[in-house]
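*Asks:*
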Amino acid sequence: MIIPPLSYRISAEPRAHLFRVTLSISEADPEGQILALPAWVPGSYTIRDLARHVTQIRAERNGQDIALHKIAKDRWRLAPGHGPVVVHYAVYAFDRSVRTTYLDDQGGFFNGPAIYLRVSGQEAQTHAVLLEGPEDWQVGTALPRQSGAVWSWGGFEASGFDALIDHPVLMGPLTLLDFEVGERPHHLLIQGTHQADLQRLGADLTRICDWQQRFWGDAAFTGYHFLCMTSTDGYGGLEHRASSALLCARDDLSGRNEDHYRRFLGLASHEYFHGWLVQAIRPAVLGASALDREVLTRDLWVFEGITSYYDDLCLRRAGLTTPAQYLCGVGKELTRLLRRPGRFLQSVAESSEDAWIRLYHPHVNSANFEISYYNKGALLALCLDLSLRLESAGALSLDTVLGRLWQDYGRTGIPLPEGQCVGIVEDLAGPALAGRLQDWITARTDLPLPALLAEMGIALRLRAASGPQDEGGEPAEKTLRAWLGAQWLPHALGVQLRHVQTDSPAEQAGLSPDDILVALDGVRTTAEQLPEQLDAVPEGAALRIQFFRDNILRETRVTPTAPPRDTAWLELLEDVDDVVLARRRAWLEGTGAVSETSRCASLPDGG
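Heads up, the sequence shown stops at 607 in the UniProt record's numbering, and the numbers go up one at a time, no gaps.
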């Protein structure tokens, strides 16, 4: 039997929330092998200091302990010497997310970067993994299996460290749903309490995956795993080369709430789309990283923004949502952007570049000076798609651009250089549109959505919010009359401010996040009563607000103003000519998908 140069034995100890790992190195560097744990997780661009969860670590050679020196927060050096080395370490796993590790008596999950030590200089070697745990548990992973029954503990193997960490593992009592798309086996594995409508999920996921495979015309994977954890109110996803890790609220899977069910389908659609755009069409600057420090890029709008544009558009084109439902989602996306004054202080390129210190570290003032490359990136992708369609009379679209990306970079395995997406647009549509695209990427201004949507027979309407929970996307019979310029949460004493918008009446009155409003003009307030109390104030009149800050009762005067028209909804116009109707149908129905408009790129038919 051939013994792999590197092997990991991982034992799950649910009650202690620990993964115990034994790493065997057959040929350690005789001058002192360096071991390192990644500092960040691919697909999630922030330093996570994963090594802080390593609770104990030691090494031995020939059964004798050897020195293991910590040379950085996430790096260790073995004492010099010859012969095989065994390293024992434990990882505390109690972070219920798709990025790190979680383990309790109901099941567990780990993402590779959070658990596998990198053996410096041996990253290209074969890495073997033996997984062990409770006998009645099952195991789901796309990591190639070498031993053990399907869905059981056993042995696995990866061709190198990059492949090893790109196959997360789900474990526990699992619900399994198998389906086939394009002659490729697909699996949905669910861990945790749920009441999933498996028949509906199977049918709908099949339609999503089928549409995306036909859209691209090919795939870089031979099979796919959706690894899903459920919790009370969780939400998140992370893409991998042949799988995705998903976290959702357990009720999302039942279908009882249609909005929540579509939210899960959109999440699965998003991560599956990444199987092409991120996993196959890879950003060069990020792919070259050793995951030990920040890597700045201005192109995350390409990989996350475009994917965020297509995740819900896929549901529409696959027939899982109506045009009105899709446009409602676009309206909500635009509303989120319009409510962020930061859109005038940060471009989508800067948002991408600052992801490491901002997007994953939100705070009470974030909306005032920053945006999300997911959010504005998706709306920018919409602008680009509509512009390409309009200026080429339907011959080009963003689908065409993705077709070129797949042909030139996805199929070939050549990493995508920084900024190359603009170059492809210039090659396809000319310098004028490429120049406008560059402006949209770098400018700190609003996008030209109203005019572009009008050309599709869609009116972009703006109104005031109808209340604190109004996310936009739909018309409202009644809207607020008075605006404080703050977001709040219920508090036992009254109302706790969560966010104060810049240049708002609340800011001008000196109110701050975490202030607890207890009374308006001496009358007690609550989160439910506050909107009505504000609306009752005569226009232009000031009122006294009593509030606690740091347990000290204070008072200020505030003059509410008319609320801003920052709530968007889109209306499908019926009185449009046949040209506009055909243009709109081609966009929303997908008659210009990669598999159709990119025949010039010689893409084959999808499976």
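Note that beta-carbon positions come from the ideal geometry of N, C-alpha and C, so glycine has one too. Quick caveat, the model's predicted, so the values are computed rather than measured.
Looking at the unbroken beta strand (DSSP E) that takes in Leu78, where does it start and where does it end?
*Replies:* Along the sequence shown, read from residue 1 onward, the residue named residue 78 stands at position 78. Note, Leu78: beta strand (DSSP E), 75–78.
*Asks:* Is it buried or exposed for Glu31, if we count other Cβ within 10 angstroms and need 16 for buried?
*Replies:* Along the sequence shown, one-based indexing puts residue 31 at 31. Counting Cβ neighbours within 10 Å, Glu31 comes out exposed, since fewer than 16 surround it.
*Asks:* What residue from Ala142, Thr556, Gly112, Asp29 has the CA that sits closest to Val86's CA?
*Replies:* Here residue 86 corresponds to residue number 86 of the sequence shown, with the count starting at 1. Ranking Ala142, Thr556, Gly112, Asp29 by Cα distance to Val86 puts Asp29 first.
*Asks:* In chain order, which beta strand (DSSP E) runs of at least 3 residues are fully inside the stretch 488–556?
*Replies:* Under the rule that a run must span 3 or more residues, the beta strand (DSSP E) segments found entirely inside the stretch 488–556 read 494–500, 516–520, 543–549.
*Asks:* Is the beta carbon of Gly160 closer than 8 Å to that of Arg127?
*Replies:* Taking the first residue of the sequence shown as 1, we reach residue 127 at position 127. Taking the first residue of the sequence shown as 1, we reach residue 160 at position 160. The question names Arg, but residue 127 in the sequence shown is His. Closer than 8 Å, so yes.
*Asks:* I need the straight-line Cα distance from Pro415 to Asp312, nearest angstrom please.
*Replies:* One-based indexing of the sequence shown puts residue 415 at position 415. One-based indexing of the sequence shown puts residue 312 at position 312. Between Pro415 and Asp312, the C-alpha separation is close to 26 Å.
*Asks:* My understanding is that Gly112 touches Ala280, with C-beta atoms under 8 Å, so please give their C-beta distance in whole angstroms.
*Replies:* On the sequence shown, position 112 is the one that residue 112 refers to. On the sequence shown, position 280 is the one that residue 280 refers to. Between Ala280 and Gly112 the Cβ distance is about 19 Å, and since that is not below 8 Å, they are no contact.
*Asks:* Assuming Pro513 contacts His491 under a Cβ cut-off of 8 Å, what Cβ separation, rounded to an integer in Å, is found between them?
*Replies:* Locating residue 513 in the sequence shown gives position 513, counting from the first residue. Locating residue 491 in the sequence shown gives position 491, counting from the first residue. That pair is no contact at about 13 Å.
*Asks:* Quick check on DSSP: helix, strand or coil for Asp259?
*Replies:* Numbered from 1 along the sequence shown, position 259 holds the residue referred to as residue 259. It is helical.
*Asks:* Quick one: residues in its chain with C-beta nearer than 6 Å to the C-beta of Arg9, no 5 flanking neighbours on either side, listed in chain order?
*Replies:* Residue numbering aside, residue 9 sits at position 9 when the sequence shown is read from its first letter. Excluding positions up to five away in sequence, the list reads Thr22, Leu130.
*Asks:* Using the C-alpha atoms, what's the distance from Thr55 back to residue 679?
*Replies:* A question about residue 679 goes unanswered here, because the residues of the chain that appear run from 1 up to 607.
*Asks:* What distance in whole Å lies between the Cβ atoms of Arg336 and Gly457, which are believed to be in contact at a cut-off of 8 Å?
*Replies:* For this step, residue 457 is matched to residue 457 along the sequence shown. For this step, residue 336 is matched to residue 336 along the sequence shown. Actually they are not in contact, since the Cβ atoms of Gly457 and Arg336 sit about 24 Å apart, beyond 8 Å.
*Asks:* Mind checking if Arg20 is an interface residue toward chain B, Cβ cutoff 8 Å exclusive?
*Replies:* Absent here is chain B; the protein component of the structure consists of one chain.
*Asks:* According to DSSP, Lys70 sits in a beta bridge with which residue or residues?
*Replies:* In the sequence shown, the residue the question calls residue 70 occupies position 70. Lys70 pairs with Trp76.
*Asks:* Identify, in the order they occur along the chain, each residue of the same chain with its Cβ nearer than 7 Å to the Cβ of Arg263, setting aside the five sequence neighbours on each side.
*Replies:* Along the sequence shown, read from residue 1 onward, the residue named residue 263 stands at position 263. Cβ within range, chain order: Asp252.
*Asks:* Applying the criterion that 16 or more other CB atoms from any shown protein chain within 10 Å of the CB defines a buried residue, is Arg67 buried or exposed?
*Replies:* By 1-based counting over the sequence shown, the position of residue 67 is 67. Here the sequence assigns Ala to residue 67, which means Arg is not the residue at that position. Answer is exposed; the Cβ neighbour count stays below 16.
*Asks:* Using the Cα positions of Gly140 and Ala72, report the straight-line distance between them to the nearest angstrom.
*Replies:* By one-based count along the sequence shown, residue 140 stands at place 140. By one-based count along the sequence shown, residue 72 stands at place 72. Cα-Cα distance, rounded: 34 Å.
*Asks:* Can you check whether the CB of Pro560 is closer than 8 Å to the CB of Leu484?
*Replies:* Along the sequence shown, one-based indexing puts residue 484 at 484. Along the sequence shown, one-based indexing puts residue 560 at 560. Yes, the pair counts as a contact, with Cβ atoms nearer than the cut-off.
*Asks:* Kindly indicate which three-state DSSP category Trp483 falls into: helix, strand or coil?
*Replies:* Counting from one through the sequence shown, the residue named residue 483 turns up at place 483. Three-state result, Trp483: strand.
*Asks:* Here's a check: name, in chain order, each residue in its chain whose Cβ is nearer than 6 Å to the Cβ of Leu176, leaving out the five neighbours to either side.
*Replies:* Numbered from its first residue, the sequence shown carries residue 176 at position 176. So the list reads Leu189, once near-sequence residues are dropped.
*Asks:* Hey, how far is the Cα of Ile115 from the Cα of Val425?
*Replies:* For the purposes of this step, residue 115 is taken as the residue at position 115 of the sequence shown. For the purposes of this step, residue 425 is taken as the residue at position 425 of the sequence shown. Rounded to whole angstroms, Ile115 to Val425 spans 40 Å at the Cα level.
*Asks:* Drop a sphere of 10 angstroms on the beta-carbon of Glu333, count the other beta-carbons inside from all chains shown, and report buried for 16 or more, exposed for fewer.
*Replies:* As a first step, residue 333 must be located in the sequence shown, where it is residue number 333. Buried.
*Asks:* Under the assumption that Ser243 contacts Leu227 (Cβ atoms under 8 Å), give the Cβ distance between them as a whole number of angstroms.
*Replies:* Numbered from 1 along the sequence shown, position 243 holds the residue referred to as residue 243. Numbered from 1 along the sequence shown, position 227 holds the residue referred to as residue 227. Their Cβ separation, rounded to whole angstroms, is 6 Å, which keeps Ser243 and Leu227 in contact under 8 Å.
*Asks:* Give me the Cα-Cα distance between Glu350 and Asp65, rounded to the nearest whole angstrom.
*Replies:* Taking the first residue of the sequence shown as position 1, residue 350 is located at position 350. Taking the first residue of the sequence shown as position 1, residue 65 is located at position 65. Cα to Cα, the separation comes out at about 49 Å.
*Asks:* Provide the residue(s) that pair with Glu426 in DSSP beta bridges, ordered along the chain.
*Replies:* Walking along the sequence shown from the start, residue 426 turns up at place 426. Partner(s): none; Glu426 has no beta bridge.
*Asks:* Report all residues from its chain with a CB closer than 7 Å to the CB of Arg15; omit the five preceding and five following residues, and keep chain order.
*Replies:* As a working mapping, residue 15 is identified with position 15 in the sequence shown. Here the set comprises Asp105.
*Asks:* For Leu130, which residues does DSSP report across the bridge?
*Replies:* Position 130 of the sequence shown, counting from 1, holds the residue named residue 130. Partner(s): Arg9, Gly155.
*Asks:* Can you tell me whether Ile545 is buried or exposed, with buried defined as 16 or more other CB within 10 angstroms of its CB?
*Replies:* Taking the first residue of the sequence shown as position 1, residue 545 is located at position 545. Looking at its Cβ environment, which holds 16 or more other Cβ atoms inside 10 Å, Ile545 is buried.
*Asks:* Ends of the beta strand (DSSP E) at Glu180?
*Replies:* On the sequence shown, position 180 is the one that residue 180 refers to. That run of the beta strand (DSSP E) goes 174–181.
*Asks:* Is it the case that the Cβ atoms of Ala93 and His17 are separated by a distance below 8 Å?
*Replies:* As a working mapping, residue 93 is identified with position 93 in the sequence shown. As a working mapping, residue 17 is identified with position 17 in the sequence shown. In contact: Ala93 and His17 (Cβ atoms closer than 8 Å).
*Asks:* Near Glu13, which residues of its chain fall below 7 Å by C-beta distance, leaving aside the five closest residues on each side in sequence?
*Replies:* Indexing the sequence shown from 1 puts residue 13 at position 13. Excluding sequence neighbours, Glu13 sits near Arg20.
*Asks:* Identify, in the order they occur along the chain, each residue of the same chain with its Cβ nearer than 7 Å to the Cβ of Pro5, setting aside the five sequence neighbours on each side.
*Replies:* Counting from 1 along the sequence shown, the entry for residue 5 is found at position 5. Cβ within range, chain order: Ser26, Glu27, Gln122, Gln125, Thr126.
*Asks:* Using 10 angstroms around the beta-carbon of Glu135, count the other beta-carbons present and answer buried if the total reaches 16, otherwise exposed.
*Replies:* By one-based count along the sequence shown, residue 135 stands at place 135. So Glu135 counts as exposed.
*Asks:* Quick one: does the C-beta of Gly192 sit closer than 7 Å to a heavy atom of the ligand MG?
*Replies:* Because no ligand of any kind appears in the structure shown, any question about the ligand MG cannot be addressed here.
*Asks:* Is it true that the CB of Ser372 sits closer than 8 Å to the CB of Asp385?
*Replies:* Numbered from 1 along the sequence shown, position 385 holds the residue referred to as residue 385. Numbered from 1 along the sequence shown, position 372 holds the residue referred to as residue 372. Not a contact, by the Cβ cut-off of 8 Å.
*Asks:* In its own chain, which residues sit with a C-beta less than 6 Å from the C-beta of Ser7, not counting the 5 before and 5 after it?
*Replies:* As a position in the sequence shown, residue 7 is number 7, starting the count at 1. The answer, listed in chain order, is Ser24, Ala128.
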